[in-house]
Amino acid sequence: MKKNELIILKFGGSVITDKENPFTARIDVIDQLTREISEYKGKMIIIHGGGSFGHSVAHKYKIKEGYRETQQLVGFAETHLSMQKLNTIILQRLIKYGVPAVPVPPLSIITSENGIIKEMGYEVIEKMINMNFVPVLHGDTILDEKMGFTIVSGDQIAAYLSVKLNAARLIFVLDVDGLYTNDPRKFPKAKLIEEIDVQTLKKMVNTFKGRKGVDVTGGIAEKVRWIIYAAERGTQVTLINGNAVGRLKRILRGEKAIGTYIYSKI
35 MKKNELIILK FGGSVITDKE NPFTARIDVI DQLTREISEY KGKMIIIHGG
85 GSFGHSVAHK YKIKEGYRET QQLVGFAETH LSMQKLNTII LQRLIKYGVP
135 AVPVPPLSII TSENGIIKEM GYEVIEKMIN MNFVPVLHGD TILDEKMGFT
185 IVSGDQIAAY LSVKLNAARL IFVLDVDGLY TNDPRKFPKA KLIEEIDVQT
235 LKKMVNTFKG RKGVDVTGGI AEKVRWIIYA AERGTQVTLI NGNAVGRLKR
285 ILRGEKAIGT YIYSKI
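For the sequence shown, position 150 matches number 184 in our numbering, and the numbering has no gaps at all.
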């Protein structure tokens, strides 16, 4: 696939769900985002996080840590089911606004080794986008060659696909304006990083550690890890606030919007 044809969107669980209330989707935000997406006519893949649907269940059963006891098997299944429920909500809204969205459960196409994707049957995804479908994936429970099973984050899936499918852009839709010099929720004077090259971002990785709540996939530090992975391999990465009406629409139009832009240093 040629560069500049494919956009990958990653919806953070914190923007599409209420993380304070288990299994609560933010329907108003999902509606707003899907309306903005519906105006875009190019090739697209959507990936979403778990938020209040997936993380609490996965945390309860320690799914991320791998297989240790038989009780986890039900927890594995329950976590996957909870993600499917959120996925269905998102699919319903996309289809409502005329987006030909189709589900692709990562459990069925991905295996990992020590938590890192080893194999992905992405060919079916490529065929879908060539037919102008919009595949919708999500963070999920998957089988792991060393651990038995684990959790694969939507961030890792998004970065992996952006490289494999030579995506033009990878857009992270968050509940804040982008990357900050510190946690903006705790430090009001934290400044938005509007532009940064990937080499400088790599030097800042340690500043993002420890910024997370109930997030079994590693919080912002793990997100930055996969941002770097994609940007180093030539994908243009942008982070924007999904709560801000119109920003996603502007980005999809190729216009500038408030956010963080990460580029490869040449």
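Glycine residues also receive a C-beta, built at the ideal position from the N, C-alpha and C atoms.
- Taking 9 Å as the cut-off, the beta carbon of Gly155 is found no closer than this to the beta carbon of Lys44.
- Ranked by Cα distance from Gly85, the options Phe242, Leu125, Phe206 and Ser48 are led by Ser48.
- Assigned with DSSP and collapsed to three states, Tyr95 falls in helix.
- About 7 Å separates the beta carbon of Phe57 from that of Ser116, a gap short enough to meet the 8 Å contact definition.
- In this structure Asp174 is buried. Its beta-carbon is surrounded by 16 or more other beta-carbon atoms within 10 angstroms.
- Following the DSSP letters along the chain, one finds Phe110 inside the alpha helix (DSSP H) bounded by residues Gln105 to Lys130.
- Leu199: not part of any beta strand (DSSP E); DSSP gives it neither H nor E.
- When the beta-carbon positions are compared, Val232 and Ala265 come within less than 9 Å of each other.
- According to the DSSP assignment, Ala135 belongs to the beta strand (DSSP E) that extends over Ala135 to Pro137.
- The residues Thr145 and Ser146, in chain order, have a CB closer than 6 Å to that of Lys152 in the same chain once the five nearest residues on each side in sequence are set aside.
- When C-alpha distances from Ile42 are compared across Ile61, Asp52, Ile80 and Ala59, the shortest belongs to Ile80.
- Within the model, the alpha-carbon separation for Ala193 versus Trp260 is close to 6 Å.
- Note on geometry: alpha-carbon atoms of Ser142 and Ile176 lie some 8 Å from one another.
- Straight through space, the alpha carbons of Val63 and Leu204 are spaced by roughly 20 Å.
- If the five residues before and after Ala92 are omitted, its C-beta is found closer than 8 Å to the C-beta atoms of Gly84, Lys98, Gly109, Thr113, Thr175, Ile185 and Val250, all from its own chain and listed in chain order.
- Restricting attention to Ala111, Leu286 and Leu273, the CA atom closest to the CA of Ile254 is found in Leu273.
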